[in-house]
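Some notes on the structure that comes next.
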Amino acid sequence: MSTSPFSYAVENQVAVITFDIEGEPVNTLSPDISQAFEALMTKAAADTSAKAVVFISGKKDSFIAGAKIDFLSTIKTPAEAHALVKQGHAQFDRLDAFEKPVVAAIHGACLGGGLEWALACDYRLATDSPKTSLGLPEVQLGLIPGAGGTQRLPRLVGAQVALDLILTGKSLKAKKALKLGVVDEVVPAPILREVACRRALELADGKLVMERHRGLSTVAKSRSFKDLLRGLSDQKAWAELALEDNPVGRKVLFDQARKQLLKKTKGKYPAPEKALEVIKVGLDKGLAAGFEAEAQAFSELVVSDVSKRLVEIFFATTALKKDNGTRNPEVKPREVTKIGMVGGGLMGGGIAYVTSALQGVPVRIKDKDDAGVGRALGYVRGLYDERVKRKSLTWRERDRQLALVTAGTDYAGFKRAELVIEAVFEDLALKHQVLKDVEAIGRPDVIFASNTSSLPISKIAEASRHPETVIGMHYFSPVHKMPLLEIITHPGTADWVTATCVEVGKKQGKTVIVVNDGVGFYTSRILAPYMNEAAFLLAEGADIAELDRALTDFGYPVGPITLLDEVGIDVAAKVAKIMHGAYGDRMLAPNTTDALVGDGRLGRKAKKGFYTYAEGKKKEVDESVYALMPHGKDRKRFDRAEMAERCALQMVNEAIRCLGEGILRSPRDGDIGAIFGLGFPPFLGGPFRHAEAQGLTRILQRLEHYQERHGVRFTPAPLLIERVKSGKRFY
């Protein structure tokens, strides 16, 4: 590196090492960084004017965000990875055994290798800032912690807590990290450096003696471990300790963890399973064996296909954060200080919640009557109350954010809104009326965004006096959980309108893709043939539970029939007719939904669909539904792999059509949209990555195979045929 990312200064007998990579928004780790830090630690060891060391970041809101992902992508072989991991182990082992006390002063993101670095220090302080978070998210990239995290964390906080953090990759706020023992103290950000230096000297002088056990720590010499347990559930705490310390109990713990893990991952994600094994090795056979197991597992995973796909998703979402949604990167979004929301319900309430909670902008909801207004406000309040219950929000913070959401039955409060989003029924005439109403009372340049899932935005814009300000913002339900926002532009949408809506989506915490106009846009369009194929399989005699299981085994989070119940069978039937009208017989659905709707089977919302819903919870297949289908209760046996292939191929083929027709701007957006919006298996990388991994020629052959058997709905996308002939790839 041309300049060192570290600065070194002795302050009152404490060597303060500041990490600040020039020109980068966050600090990340790489071999170059490790070598520079090693040199400074050697200097600190020899410096007689320094009795202790404090390690702190020079970044505004980042400690260390983890390893440099670009560097990890350059690793080609397990042997290369193994050598790098062992090198990192040696450096962190030296830090762990350093002859002088080392204090980690943490503010901002302390993730992955950053937390592993901090774990090798003697003492950890974190700020109480909401920007501060700690975690080991490696499994989200198909990896495991590779710098000792699988060994040091369980010894610090206990196996149960460590498994929860490592196997899920979730992060902690500072106060939660303190409670679990991940950090030793939480302080306000302005005094972090001062307190860190004081603690370093206290450790060096023997005035501060750390006494830790299974995530419980004390900073006061006079407090004993028994004292620390008081105020907790002593019986529970000791029971957990006994379980982990007993070999038989530990086996039960890990067996149960593995069982729950496989239930969730279906064996498709090897990283959590590897992490489980590595942690167990370390606890059963000691640190040396654990470190070697960690090195071996990390080395295998970093070059695996699953990790490559997940890393590609990481890069794609990172690129989208910098994308304004237009061809001109110089277009700037306009400031949005107030948002109008027409239509409450689950969608409207959800949009109001993410706007107030994450964007911090006032929202005014309009619904048709007082009952609707009450439901909308009640739904928003319920989401806030849930956060208070989980202790991720105080009641004061809840009240402050909830005050940003107001509602009424008229357009009062809409006059100053720069953006109005409508989430009314999928009826073109109704949407036209709402658009006219908004333009009549709103600003001349008010942006009108429709949350439609299928109606063309250009058709909606026909009713506008300013069609350049009309756009689509397609959210997914439930809004507060689903990460995707699909923004739809018609040919006349102004670039500043697009950029503004993209910025709003980002501030709402969404991953945003921008697509061009067309019936169904992108996500609804590729979902339609997928769902249609599932319906055809049912009509051919497939078992409902077996069909759902085939697709969850493939990697989807839920099966298509469960999804149909969740969306609403009546809604799906209406969308199917729209798609058939737009795209002809290849989008024709089997004629079974009308009978289901006629029987009152609308899905979960009616507590009557393909499944039973006792007390609102999905239980089992409602066998009586078969009476409304061809073959009745006489179901046929289908190969699960074939059922999964038929449905997934439909989604992949339609995605390729969307790219060929210009609905999609890029394969990247297509992959992100399918994964984040529809649950396409992330480990497969999305429809385009999956097609390339399978081989475009093979995808074409399988489509032609099913076309011969089932007809026009499997007609290969013209772009797929062209790419196979030319030998070109999507990436």
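First residue of the sequence shown: 43, per the working numbering; consecutive thereafter. All C-beta atoms in this analysis are idealised placements derived from N, C-alpha and C, irrespective of residue type, glycine included. Keep in mind it's a predicted model, so treat the numbers as computed, not measured.
Length at least 4, wholly inside the stretch 458-511: the alpha helix (DSSP H) runs in chain order: Counting only runs of at least 4 residues, the stretch 458-511 fully encloses the following alpha helix (DSSP H) elements, listed from N- to C-terminal order: 470-483, 499-503.
query: Which residues in the same chain as THR368 place their Cβ atom closer than 7 Å to its Cβ, once the five residues preceding and following it in sequence are excluded?
result: Working through the sequence shown from its first residue, we reach residue 368 at position 326. Excluding residues within five positions, the ones whose Cβ falls inside 7 Å are ASP537, THR540, ALA541.
- prompt: What first and last residue would you give for the beta strand (DSSP E) that runs through CYS163?
  reply: For the purposes of this step, residue 163 is taken as residue 121 along the sequence shown, with counting starting at 1. From DSSP, CYS163 is part of no beta strand (DSSP E); its letter is neither H nor E.
query: Would the stretch 433-448 and the stretch 352-369 be scored as touching if the rule is three or more Cβ pairs under 8 Å?
result: The stretch 433-448 is not in contact with the stretch 352-369.
query: Secondary structure at VAL430, three-state DSSP: helix, strand or coil?
result: Within the sequence shown, the letter at position 388 stands for residue 430. In this structure, VAL430 counts as helix in the three-state DSSP scheme.
Presumed contact (8 Å Cβ cut-off) between LEU71 and ILE106, rounded CB distance: Locating residue 71 in the sequence shown gives position 29, counting from the first residue. Locating residue 106 in the sequence shown gives position 64, counting from the first residue. The C-beta distance from LEU71 to ILE106 rounds to 6 Å, short enough to meet the 8 Å contact threshold.
- prompt: Hey, out of ASP135, LYS350, ALA697, ASP590, whose CA is closest to ASP112's CA?
  reply: Taking the first residue of the sequence shown as position 1, residue 112 is located at position 70. Of all alpha-carbon atoms in ASP135, LYS350, ALA697, ASP590, the one lying nearest the alpha-carbon of ASP112 is that of LYS350.
field: Between the CA atoms of PHE772 and PRO709 - distance to the nearest angstrom
entry: Position 667 of the sequence shown, counted from the first residue, corresponds to residue 709. Position 730 of the sequence shown, counted from the first residue, corresponds to residue 772. Between the alpha carbons of PRO709 and PHE772 lies a distance of about 6 Å.
message: Do ARG406 and GLY382 have their beta-carbon atoms positioned less than 7 Å apart in this structure?
response: As a position in the sequence shown, residue 382 is number 340, starting the count at 1. As a position in the sequence shown, residue 406 is number 364, starting the count at 1. Between GLY382 and ARG406, the CB-CB gap stays under 7 Å.
- prompt: Leaving out the 5 sequence neighbours to the left and right, which residues in its chain are closer than 8 Å to TYR311 when beta-carbon positions are compared?
  reply: Taking the sequence shown and counting its residues from 1, the one referred to as residue 311 is at position 269. Around TYR311: VAL181, GLY184, VAL348, PHE725.
query: So, do the stretch 677-686 and the stretch 513-531 have three or more beta carbon pairs nearer to each other than 8 Å?
result: The answer is no - the stretch 513-531 does not touch the stretch 677-686, with fewer than three Cβ pairs under 8 Å.
Residues near SER91 in its chain [Cβ-Cβ closer than 7 Å; skip 5 each side]: Along the sequence shown, one-based indexing puts residue 91 at 49. These residues qualify, in order along the chain: VAL52, GLN55.
- prompt: Which whole runs of the beta strand (DSSP E) in the stretch 77-111 are 3 residues long or more, in chain order?
  reply: Within the stretch 77-111, the complete beta strand (DSSP E) runs of at least 3 residues are 94-99, 104-106.
message: Just to confirm before moving on: does the CB-CB distance between ALA238 and ALA168 stay below 7 Å?
response: Position 196 of the sequence shown, counted from the start, is the residue given in the question as residue 238. Position 126 of the sequence shown, counted from the start, is the residue given in the question as residue 168. Contact flag unset, no.
- prompt: At what residue ranges does the stretch 323-391 contain a whole run of the alpha helix (DSSP H), taking only runs of 4 or more?
  reply: Here the runs fully enclosed are 329-343, 347-363.
- prompt: Cα separation between SER782 and VAL344?
  reply: With the chain running from 43 to 773 in the structure shown, residue 782 is simply not present.
- request: For PRO179, count neighbouring C-beta atoms within 10 Å of its own C-beta (all shown protein chains included) and say buried if the count is 16 or more, exposed if not.
  value: As a working mapping, residue 179 is identified with position 137 in the sequence shown. Under the 10 Å beta carbon count, PRO179 is surrounded by 16 or more other beta carbons and is classified as buried.
field: Stretch-stretch touch, CB-based, cutoff 8 Å, three pairs: the stretch 371-390 with the stretch 456-469
entry: Yes: at least three Cβ pairs fall under 8 Å.
query: Would you report the Cα separation of ASP693 and GLU750, rounded to the nearest angstrom?
result: Stepping through the sequence shown from its first residue, residue 693 is reached at position 651. Stepping through the sequence shown from its first residue, residue 750 is reached at position 708. According to the sequence provided, residue 693 is Met. The question's Asp does not apply to it. When rounded, the distance between both Cα atoms is 18 Å.
task: May I have the straight-line CA-CA distance separating LEU761 from LEU742, to the nearest angstrom?
output: Within the sequence shown, residue 761 is the residue found at index 719, counting from 1. Within the sequence shown, residue 742 is the residue found at index 700, counting from 1. The alpha-carbon of LEU761 is positioned some 11 Å away from that of LEU742.
- prompt: Which ranges does the alpha helix (DSSP H) cover as unbroken runs of at least 4 residues, wholly within the stretch 205-238, from first to last along the chain?
  reply: Those alpha helix (DSSP H) runs which fall completely within the stretch 205-238 and span 4+ residues are 216-222.
message: Under 8 Å, with one C-beta from each stretch per pair, do the stretch 556-566 and the stretch 650-665 reach the 3-pair mark?
response: With a cut-off of 8 Å, the stretch 650-665 and the stretch 556-566 do not count as touching, because too few Cβ pairs lie within range.
- prompt: Quick one: what's got a C-beta closer than 6 Å to LEU644's C-beta in the same chain, skipping five residues either side?
  reply: Within the sequence shown, the letter at position 602 stands for residue 644. Here the set comprises GLY610, ILE611, ASP612.
- request: Output yes or no for whether 7 Å exceeds the beta carbon distance between TRP242 and VAL228.
  value: By one-based count along the sequence shown, residue 242 stands at place 200. By one-based count along the sequence shown, residue 228 stands at place 186. In the sequence under discussion, the amino acid at residue 242 is Ala, which differs from the Trp named in the question. Their beta carbons are not under 7 Å apart, which means ALA242 does not touch VAL228 by this criterion.
- prompt: The beta strand (DSSP E) with PHE61 in it runs from where to where?
  reply: Taking the sequence shown and counting its residues from 1, the one referred to as residue 61 is at position 19. Judged by DSSP secondary structure, PHE61 falls within the beta strand (DSSP E) whose first and last residues are 56-61.
- request: Give the DSSP bridge partners of CYS152, in chain order.
  value: Numbered from its first residue, the sequence shown carries residue 152 at position 110. Looking at the DSSP output, CYS152 sits in a beta bridge with ILE106, LEU176.
task: Give the range of the beta strand (DSSP E) segment to which TYR50 is assigned.
output: Position 8 of the sequence shown, counted from the first residue, corresponds to residue 50. Unbroken beta strand (DSSP E) run through TYR50: 48-53.
- prompt: Nearest-angstrom Cα distance between CYS163 and ILE117?
  reply: Numbered from its first residue, the sequence shown carries residue 163 at position 121. Numbered from its first residue, the sequence shown carries residue 117 at position 75. Going by the C-alpha atoms only, they are around 28 Å apart.
message: For LEU630 and GLY737, I'd like the C-alpha separation in whole angstroms.
response: In the sequence shown, residue 630 corresponds to position 588, counting from 1. In the sequence shown, residue 737 corresponds to position 695, counting from 1. Rounded to the nearest whole angstrom, the CA to CA distance from LEU630 to GLY737 is 28 Å.
field: Residue nearest to LEU126 in terms of C-alpha spacing, selected from GLU236, ALA339, ALA471, LYS102
entry: As a working mapping, residue 126 is identified with position 84 in the sequence shown. Of the candidates GLU236, ALA339, ALA471, LYS102, the residue whose Cα lies closest to the Cα of LEU126 is ALA339.
- prompt: Roughly how many angstroms separate the alpha carbons of ALA576 and ALA683, rounded to a whole number?
  reply: As a first step, residue 576 is located in the sequence shown; it is residue number 534 there, counting from the start. As a first step, residue 683 is located in the sequence shown; it is residue number 641 there, counting from the start. The alpha-carbon atoms of ALA576 and ALA683 are separated by roughly 13 Å.
Residue interval of the alpha helix (DSSP H) (run including THR565): Here residue 565 is taken as the residue at index 523 of the sequence shown, counted from 1. That run of the alpha helix (DSSP H) goes 565-581.
message: Out of VAL203, ILE208, TYR165, which one is the CA nearest neighbour of VAL225?
response: To locate residue 225, count along the sequence shown from 1; it is residue 183. Closest option to VAL225, Cα to Cα, is TYR165.
Rounded separation between GLY328 and ALA201 - CA only: Working through the sequence shown from its first residue, we reach residue 328 at position 286. Working through the sequence shown from its first residue, we reach residue 201 at position 159. The straight-line gap from Cα to Cα measures roughly 14 Å.
message: Our contact map puts ILE483 next to LYS457 with C-beta atoms below 8 Å; I'd like the distance itself, whole angstroms only.
response: For this step, residue 483 is matched to residue 441 along the sequence shown. For this step, residue 457 is matched to residue 415 along the sequence shown. Rounded, the Cβ-Cβ distance is 6 Å, consistent with contact.
Under 7 Å between C-beta atoms of SER398 and LEU446: Position 356 of the sequence shown holds residue 398. Position 404 of the sequence shown holds residue 446. Taking 7 Å as the cut-off, the beta carbon of SER398 is found closer than this to the beta carbon of LEU446.
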